[in-house]
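Asks: Counted from 1, the sequence shown has number 609 at position 195 by my numbering; the numbering is strictly sequential. Sharing a structure, written as structure tokens. Questions coming.
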Amino acid sequence: MVVILLGPPGVGKGTQALQLAESLYCAHVSTGDLLRAARRDRTQLGARAQSFMDAGELVPDKLILDLVSEHLGAIDSHKHVLFDGFPRTTEQAVGLRTVLKDADRSVDMVVLFEAPNETLVKRLSGRRSCPDCGSVYNTHYGPPDLQGTCDRCGGGLVHREDDKSETVQRRLQVYQEQTAPLISFYEGGKAPLARVQADRDVEEVYADFQAAVEVHT
Ligand code: AP5
415 MVVILLGPPG
425 VGKGTQALQL
435 AESLYCAHVS
445 TGDLLRAARR
455 DRTQLGARAQ
465 SFMDAGELVP
475 DKLILDLVSE
485 HLGAIDSHKH
495 VLFDGFPRTT
505 EQAVGLRTVL
515 KDADRSVDMV
525 VLFEAPNETL
535 VKRLSGRRSC
545 PDCGSVYNTH
555 YGPPDLQGTC
565 DRCGGGLVHR
575 EDDKSETVQR
585 RLQVYQEQTA
595 PLISFYEGGK
605 APLARVQADR
615 DVEEVYADFQ
625 AAVEVHT
């Protein structure tokens, strides 16, 4: 099973993907996480991606497709895969089809998470992440026990550079211009698309997400 999680920044794709990946033992492929890891490891890819990410722009398609292709090659071909934040342009979606075809696979379904912009902006302003173990918190909705410290590993929490308000506005605009067209791309018959209303409690959103995935698998 190959599932794409589509939706604007801050809608909760990562939060939901982590929960489903745990319950179904599937591979969670987040291009945002892979790019941040490349930056931390100071690789050539990380250096090339940095200015795009800091400005809230998309990293060029070729770099992303090479990254995904390499990463997929290391995943057991029988394992379910959840793509989180990928594809983000029509060119990436077309490239993904080719990469999957080569592995005798295809996209089984797309889940579109939707929430009003006010909700997205509030969530991103409150997001705090642990660079050590990847745990994510929210100062408004789910703060850590001790402010600024990860409950899980004790690491120091950070506010992502691209979660600052000016960059968030640009990311929302980029989503509308370059990623939202994928909704009609998939609704046009490329793969079944389910919509999940994401401005509700994490558990309510998860129940609908899980049900949507079960219907299509
Ligand atoms: P990426 O890291 O993928 O960012 P994004 O898509 O903008 O998504 P986010 O991580 O901001 O949000 P999310 O939907 O995962 O929400 P989360 O679960 O964390 O990409 C970053 C950058 O990398 C891009 O701008 C681009 O430059 C580059 N990039 C990445 N992929 C690329 C690609 N394919 N092509 C080109 N460039 C690419 O939740 C957000 C907050 O809300 C958290 O604090 C969470 O705790 C909280 N929360 C979640 N759900 C709920 C809920 N139901 N109720 C209350 N709070 C909630």
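Glycine is no exception: its CB is placed at the ideal position from the N, C-alpha and C atoms.
What does a CB cutoff of less than 8 Å around PRO423 pick up in its chain, not counting 5 residues either side in sequence?
Replies: Along the sequence shown, read from residue 1 onward, the residue named residue 423 stands at position 9. Answer for PRO423: LEU534, LEU538, VAL582, ARG585, LEU586, TYR589, listed in chain order.
Asks: From ARG454, ARG502, VAL482, LYS476, pick the residue whose C-alpha is nearest to that of THR593; which is it?
Replies: On the sequence shown, position 179 is the one that residue 593 refers to. Of the listed residues, the one whose Cα sits closest to THR593 is ARG502.
Asks: Write down every uninterrupted run of the beta strand (DSSP E) in the region 500 to 533 whose length is 3 residues or greater and which is fully enclosed by it, in chain order.
Replies: 523 to 528
Asks: One question on the structure: do GLU575 and ASP468 come within less than 8 Å of each other, judged by their Cβ atoms?
Replies: To locate residue 575, count along the sequence shown from 1; it is residue 161. To locate residue 468, count along the sequence shown from 1; it is residue 54. The Cβ atoms of GLU575 and ASP468 lie closer than 8 Å to each other.
Asks: For LEU477, report the span of its beta strand (DSSP E) as first-last.
Replies: Here residue 477 is taken as the residue at index 63 of the sequence shown, counted from 1. Careful: LEU477 lies outside any beta strand (DSSP E), inside the alpha helix (DSSP H) at 475 to 487.
Asks: Between which residues of its own chain and GLN506 is the CB-CB distance below 7 Å, once the five residues before and five after are set aside?
Replies: Walking along the sequence shown from the start, residue 506 turns up at place 92. Closer than 7 Å at Cβ, skipping near neighbours: ASP475, ILE478, LEU479, PHE500.
Asks: Step through the CB atoms of chain B and report whether any lies within less than 8 Å of the CB of LEU596.
Replies: Structure shown: chain B not included; a single protein chain is present.
Asks: For the candidate residues ALA529, GLY568, GLY569, SER598, whose alpha-carbon lies nearest to that of GLY421?
Replies: Stepping through the sequence shown from its first residue, residue 421 is reached at position 7. Among ALA529, GLY568, GLY569, SER598, the Cα nearest to that of GLY421 belongs to ALA529.
Asks: Please report the Cβ distance between VAL610 and PHE599, rounded to the nearest whole angstrom; I am assuming they are in contact, meaning their Cβ atoms lie under 8 Å.
Replies: The count along the sequence shown starts at 1 and reaches residue 610 at position 196. The count along the sequence shown starts at 1 and reaches residue 599 at position 185. At roughly 18 Å, the Cβ-Cβ gap does not stay under 8 Å, so VAL610 and PHE599 are not in contact.
Asks: Pull up the distance between the alpha-carbon of SER520 and that of ARG453, whole angstroms please.
Replies: By one-based count along the sequence shown, residue 520 stands at place 106. By one-based count along the sequence shown, residue 453 stands at place 39. Distance between the alpha carbons of SER520 and ARG453: 30 Å.
Asks: Which same chain residues end up closer than 6 Å to ASP577 when comparing Cβ atoms and leaving out the 5 residues on each side of it in sequence?
Replies: Counting from 1 along the sequence shown, the entry for residue 577 is found at position 163. Cβ neighbours of ASP577 beyond the five flanking positions: LEU538, ARG541.
Asks: Put ASP546 into one of helix, strand or coil per three-state DSSP.
Replies: Indexing the sequence shown from 1 puts residue 546 at position 132. Three-state DSSP puts ASP546 in coil, outside helix and strand.
Asks: Determine contact between the region 489 to 500 and the region 562 to 573, defined as no fewer than three beta-carbon pairs at a distance below 8 Å.
Replies: no
Asks: From this set, PRO558, ALA488, ALA431, which residue's C-alpha is nearest VAL627's C-alpha?
Replies: The count along the sequence shown starts at 1 and reaches residue 627 at position 213. Looking at the Cα atoms, ALA431 is the closest of the given residues.
Asks: On the three-state DSSP scale, how would you describe TYR600?
Replies: Position 186 of the sequence shown, counting from 1, holds the residue named residue 600. Helix at TYR600.
Asks: In this structure, what does DSSP give as the bridge partners for PHE466?
Replies: For this step, residue 466 is matched to residue 52 along the sequence shown. Answer by DSSP bridge pairing: none, since PHE466 is not bridged.
Asks: Residues bridged to PHE623 by DSSP?
Replies: Counting from one through the sequence shown, the residue named residue 623 turns up at place 209. The partner list for PHE623 (beta bridge, DSSP) is empty, contrary to what the question assumes.
Asks: Around the Cβ of ASP546, are there at least 16 other Cβ atoms within 10 angstroms (buried) or fewer (exposed)?
Replies: To locate residue 546, count along the sequence shown from 1; it is residue 132. Counting C-beta atoms within 10 angstroms of its own C-beta, ASP546 has fewer than 16 neighbours from the protein chains shown and is therefore classed as exposed.
Asks: For the region 427 to 454, which segments carrying the alpha helix (DSSP H) assignment without a break, of at least 4 residues, lie completely within its bounds, in sequence order?
Replies: 427 to 438, 445 to 454
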